[in-house]
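Heads up: the structure comes next, in structure tokens.
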Amino acid sequence: MANRTGRKATFGNLRRLPSGRWQARYTGPDGMMHKAPTTYDTKADAEAWLATVRADIVRETWRPSGTPGKVRALTFGEYAEVWLKGRTVRGKPLADRTRAHYRSLLDAYILPTFAEVPLRYITPEQVDHWYAVTASGRPTTQAHAYSLLRTILGTAVDRNLITTANPAKVRGGGTTKRAKKVRPASLAELESLVAALPERYRLMALLASWCALRFGELAELRRGDVDTKTGVLRIRRGVVRAEGKKIVKEPKSDAGSRDVAIPPHLMPLVREHLLQHTEPGRDGLLFPAANGGHMAPSSLYRVFYRARDAAGRPDLRFHDLRHTGAVLAAQTGATLAELMGRLGHSTPGAALRYQHAAAERDQEIARRLSALTEDVE
4 MANRTGRKAT FGNLRRLPSG RWQARYTGPD GMMHKAPTTY DTKADAEAWL
54 ATVRADIVRE TWRPSGTPGK VRALTFGEYA EVWLKGRTVR GKPLADRTRA
104 HYRSLLDAYI LPTFAEVPLR YITPEQVDHW YAVTASGRPT TQAHAYSLLR
154 TILGTAVDRN LITTANPAKV RGGGTTKRAK KVRPASLAEL ESLVAALPER
204 YRLMALLASW CALRFGELAE LRRGDVDTKT GVLRIRRGVV RAEGKKIVKE
254 PKSDAGSRDV AIPPHLMPLV REHLLQHTEP GRDGLLFPAA NGGHMAPSSL
304 YRVFYRARDA AGRPDLRFHD LRHTGAVLAA QTGATLAELM GRLGHSTPGA
354 ALRYQHAAAE RDQEIARRLS ALTEDVE
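Structure representation (structure tokens):
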């Protein structure tokens, strides 16, 4: 943190009080902010006091002001609990689902190795070995666990709890290749799949495909979110599961809150569904469970798996329908910005994947066009 002169202290920070005296503060090995027991006439005096505190921490003889005895070095496990409790993103607390994900990664993969290790003693060699044996055969889980470990250690570095560079230095450790290359459904396969679904599920699959919506967005759609006059869906919320609970939440980014135009050929089906299957009232769920309330993914999957087999696509996941819709939109010539707006993406990386997939599909179309000439010959 910069002081009022614009100069950043090498350890801790200084500020000049209205009285003209100087106050010194620092983050201790306990993860807490501490102030000097007194203020100082000059900046140099305040800096000298911080230097003595810094030396005590290095010698592990540090203790908070007024506390007798030596303070035990802060362990990774202790700091991780504080970190998880206070973690924010763009000034907002972690989403419940994200917090639950981090909790499971910590408990299953990180704390068994690092819980009792003092932060300052974690080395790159330890992290390298941990990474090599963690979540073997599950590259996505391994990447998520490593990214979380690296982020926690990075915050500890920023707080001067680790006095060296971040010991998490595995090149590419936080990235992974897509384990399964998604093959979008063809229009014929989509038609067969929808025809094999019970009537009350058909529009859900069609909107997932043609509007590229997530299951959580579909499950939380309400009658008031459907504008049949303009043919628009207003995506403002989604329902997720975290620690066994259903949670209705706003999108995690501003881009996720969006209006999605419904292809006109679906509008008669939308109106029919509103009449036959939607709960009454403006807040009635568009796709309620059979006994009311939000539909559970398992209820959908039971009928979806039978339908995908009937369509000859046993590999197709429900979320792949969103991929199908994104590729269809890209094939119409949608720009990157238009794809991002339709899909609710705040960064271009994911939308670029769909443009690439559309380009591959266009090459296949060109190949088949050439094949037509061979048939004539």
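Heads up: the sequence shown at position 51 corresponds to 54 in the numbering used here, and the numbers run straight through without jumps. Each residue gets a CB set at the ideal place from its N, CA and C atoms; glycine is no exception.
If the five residues before and after E192 are omitted, its C-beta is found closer than 6 Å to the C-beta atoms of A314 and R316, all from its own chain and listed in chain order. In this structure, K248 lies away from R240, with their beta-carbon atoms at least 8 Å apart.
With fewer than 16 other Cβ atoms from the protein chains shown falling within 10 Å of its own Cβ, Q279 counts as exposed.
Taking one beta carbon from each stretch, the region 151-166 and the region 77-86 have 3 or more pairs nearer than 8 Å; the two touch.
With respect to the 8 Å criterion, I60 and P32 are classified as neighbours on the basis of their beta carbons. Within the same chain, Cβ atoms closer than 8 Å to the Cβ of A292 are found at M298, A299 and S302, the five residues on either side in sequence being excluded.
DSSP places A245 within a strand segment (E or B) once states are collapsed to three. If you compare the alpha carbons of T126, P40, V56 and T281 with that of F79, the shortest gap goes to T126.
Along the length of the region 247-312, whole alpha helix (DSSP H) runs at least 4 residues long occupy 270-279, reported in chain order. Close CB contacts of A310 within its chain, under the 6 Å cut and outside five residues either way in sequence, are with L196, A199 and L200 (chain order). Judged by DSSP secondary structure, W213 falls outside any beta strand (DSSP E) and instead within the alpha helix (DSSP H) spanning E202 to W213. Sequence-distant partners of D228 (beyond 5 residues in either direction) whose C-beta falls short of 8 Å from its own C-beta, in its chain, are L236, R237, I238, R239 and L289. Between the alpha carbons of R24 and A39 lies a distance of about 12 Å. The DSSP-derived three-state label of D59 is helix. Under DSSP, no beta-bridge partner is assigned to A47. Within the DSSP secondary-structure output, M35 pairs in no beta bridge.
Here D318 carries a coil assignment [DSSP, helix/strand/coil]. The Cβ atoms of T143 and T179 sit closer than 8 Å to each other. Leaving aside the five residues that flank N163 on each side, the residues in its chain whose CB is nearer than 8 Å to its CB run, in chain order, F14, G15, Y29 and T30. Within its own chain, the residues whose Cβ lies closer than 7 Å to the Cβ of R90, once the five positions on either side in sequence are excluded, are L97, listed in chain order. The residue from A333, R217 and S260 with its alpha-carbon nearest to that of D323 is R217.
In chain order, G80 place their CB closer than 6 Å to the CB of A118, counting only its own chain and leaving out the 5 sequence neighbours on each side. Distance from T281 to R244 at the Cβ level is roughly 22 Å; contact not present, criterion being Cβ atoms closer than 8 Å. By the CB criterion at 8 Å, G177 and A146 fall inside the cutoff. C-alpha of A159 to C-alpha of K255: approximately 26 Å in a straight line. Taking C-alpha positions only, E275 is separated from L209 by approximately 14 Å. The straight-line gap separating the alpha-carbon atoms of E223 and A168 is approximately 45 Å.
Boundaries of the beta strand (DSSP E) harbouring W25: W25 to T30, taken from the DSSP string. P115 carries a helical assignment under DSSP once its states are collapsed to helix, strand and coil. Secondary structure note for I155: its alpha helix (DSSP H) is the uninterrupted segment P142 to D161. T167 carries a coil assignment under DSSP once its states are collapsed to helix, strand and coil.
Taking 8 Å as the cut-off, the beta carbon of A329 is found closer than this to the beta carbon of L342. Per DSSP, reduced to three states, the secondary structure at T64 is coil, with no helix or strand assignment.
Following the DSSP letters along the chain, one finds R19 inside the beta strand (DSSP E) bounded by residues N16 to R19. Apart from sequence neighbours up to five positions away, the residues of its chain that approach T327 with a beta-carbon distance below 6 Å are P187, A188 and S212, ordered along the chain.
With fewer than 16 other beta carbons inside 10 angstroms of its own, E202 counts as exposed.
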